[in-house]
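In terms of the numbering used here, the sequence shown opens at residue 108 and continues consecutively. Ideal placement from N, C-alpha and C gives every residue a C-beta, glycine not left out. Everything numeric in this text was worked out from a predicted model, so none of it was measured.
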Amino acid sequence: MKRLLVTGASGFLGSRIIEYYRDRYEICAPSHTDMDITDKEKVAAVFRDFKPHMVVHSAAISDVGVCEREPEQSGKINVDGSRNVAEASAKIRAKCLVCSSDQVYVGSQVRGPHKEEEDVVPRNVYGREKLLAEEECLRLNPECVILRLSWMYDTRTLKEGEHGDFFRTLAQRLQTAENLSYPVNDVRGITDVNEVVCNFERCMEIKGGVYNFGSPNDRNTYETVSVMFRELGWDEARLKKDEDSFRALPRDISMDQEKLKESGIIFPSTVESLVRNMRDILPIKEYEAQGE
Ligand SMILES: NC(=O)c1ccc[n+]([C@@H]2O[C@H](COP(=O)([O-])OP(=O)(O)OC[C@H]3O[C@@H](n4cnc5c(N)ncnc54)[C@H](OP(=O)(O)O)[C@@H]3O)[C@@H](O)[C@H]2O)c1
């Protein structure tokens, strides 16, 4: 059995990686306390002992607001920690997948869908840290596969206390709110985390570099939800335009998929997956409602 090491295994993404790969790989999932990624010697020792074939580096301060408030601490984890993981993987020749973010495109002067080779100057601390981490990981380990992930969701909550996401917030609002409002000045991909997780294994075969990695979507969030409503035959009158969010600095961080497609990895579109997932949960919800 091949060996897989996952950093950030208690997080939203990490816990789903463990769930999906636990029967296919021998897994090492050190907790934050077992292996603080900012501790270079500890990281090197854990990697040396376990000798993974593949590493998924998902540990991070993933909250954009926390990075703005505590840049020193987040920089240590998001940049220095990533550097340690990339270097330790290089030493044992493990394929290292590094989780980056579409937030590197925030502030881009070019309209989306954005390409990986574009010059980017991220506008927020988190985006700048992720970009620096990408550069450092590739410098230390050119075989690293850097994955620029979009906003991820699951239909299921795996653990109490895990952070919310687009889908579950929407599903909840559908039941409680009369009207739902979504921004017209924000364009980005929104991706089912399960599709991300199952595509990780294929990244073992692709060459080192940066890849946009998530569902394509060229619609703003209001249009995205509208099209989903239409496809499901729901009443669009419930949807309102949020004209205020991102008004001063409209955001388009949608990502081009060509490079990923050339590597044989294809994600369904944001709307396609949202519609499928809504259809999947609806019979259960209706069933639960009847039972009450
Ligand atoms: N979720 C998204 O929609 C999204 C979108 C784009 C990119 N990403 C990227 O994808 C990755 C996973 O995101 P996520 O949502 O799963 O994040 P998350 O739920 O916030 O999980 C982060 C994980 O990192 C661990 N961690 C933090 N500091 C650490 C340290 N110094 N040493 C070791 N472990 C540490 C945390 O452990 P403790 O909780 O024990 O500290 C937790 O397990 C991140 O790199 C994130 O930037 C996420």
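Backbone CA spacing between residue i and residue j [nearest angstrom]
| i | j | result |
| --- | --- | --- |
| residue 195 | residue 286 | 50 Å |
| residue 278 | residue 373 | 26 Å |
| residue 313 | residue 370 | 7 Å |
| residue 328 | residue 289 | 6 Å |
| residue 154 | residue 205 | 15 Å |
| residue 62 | residue 263 | Outside the displayed span of the chain (108 to 399) sits residue 62, for which this structure offers no information. |
| residue 295 | residue 145 | 31 Å |
| residue 137 | residue 344 | 48 Å |
| residue 386 | residue 248 | 42 Å |
| residue 333 | residue 364 | 23 Å |
| residue 397 | residue 389 | Residue placement at residue 397 is poorly supported in this model, since its pLDDT is 45, which falls under 50; the coordinates still yield a value, given next. When rounded, the distance between both Cα atoms is 12 Å. |
| residue 123 | residue 150 | 22 Å |
| residue 259 | residue 322 | 10 Å |
| residue 276 | residue 235 | 28 Å |
| residue 213 | residue 357 | 10 Å |
| residue 223 | residue 190 | 20 Å |
| residue 219 | residue 361 | 5 Å |
| residue 351 | residue 175 | 22 Å |
| residue 121 | residue 346 | 33 Å |
| residue 184 | residue 168 | 7 Å |
| residue 198 | residue 241 | 18 Å |
| residue 348 | residue 280 | 15 Å |
Per-residue burial, residue i [other beta carbons within 10 Å of its own, 16 or more giving buried]
| i | result |
| --- | --- |
| residue 161 | buried |
| residue 335 | buried |
| residue 180 | exposed |
| residue 270 | exposed |
| residue 202 | buried |
| residue 229 | buried |
| residue 237 | buried |
| residue 243 | buried |
| residue 339 | exposed |
| residue 255 | buried |
| residue 156 | exposed |
| residue 261 | buried |
| residue 108 | exposed |
| residue 209 | buried |
| residue 226 | exposed |
Delimiting residues of the beta strand (DSSP E) encompassing residue i
| i | result |
| --- | --- |
| residue 205 | 202 to 208 |
| residue 290 | 287 to 290 |
| residue 316 | 316 to 320 |
Of the residues the options, the one placed nearest residue i, counting alpha carbons only
| i | options | result |
| --- | --- | --- |
| residue 250 | 178, 192, 384 | 192 |
| residue 128 | 110, 118, 141, 119 | 110 |
| residue 265 | 235, 126, 112, 133 | 126 |
| residue 170 | 143, 272, 245, 190 | 272 |
| residue 245 | 316, 301, 325 | 316 |
| residue 355 | 292, 237, 226 | 292 |
| residue 165 | 381, 300, 352, 378 | 300 |
| residue 377 | 325, 337, 342 | 325 |
| residue 140 | 341, 117, 311 | 117 |
| residue 341 | 308, 382, 307 | 382 |
| residue 428 | 233, 216, 368, 384 | In the structure as shown, the chain begins at 108 and stops at 399. Residue 428 is therefore absent and cannot be evaluated. |
| residue 310 | 178, 359, 367 | 367 |
| residue 453 | 303, 331, 353, 380 | One cannot answer for residue 453 here, as it falls past the ends of the chain, which runs 108 to 399. |
First and last residue of the uninterrupted alpha helix (DSSP H) at residue i
| i | result |
| --- | --- |
| residue 121 | 119 to 128 |
| residue 85 | The question about residue 85 has no answer, for the chain in this structure spans 108 to 399. |
| residue 133 | No alpha helix (DSSP H) contains residue 133, which is instead part of the beta strand (DSSP E) from 133 to 135. |
| residue 190 | 189 to 199 |
| residue 162 | Premise fails: residue 162 lies in the beta strand (DSSP E), 161 to 164, not in any alpha helix (DSSP H). |
| residue 275 | 273 to 283 |
| residue 155 | 147 to 157 |
| residue 176 | 171 to 176 |
| residue 300 | 300 to 307 |
Whole runs of the alpha helix (DSSP H) within the stretch 335 to 389, excluding any shorter than 4 residues: 365 to 369
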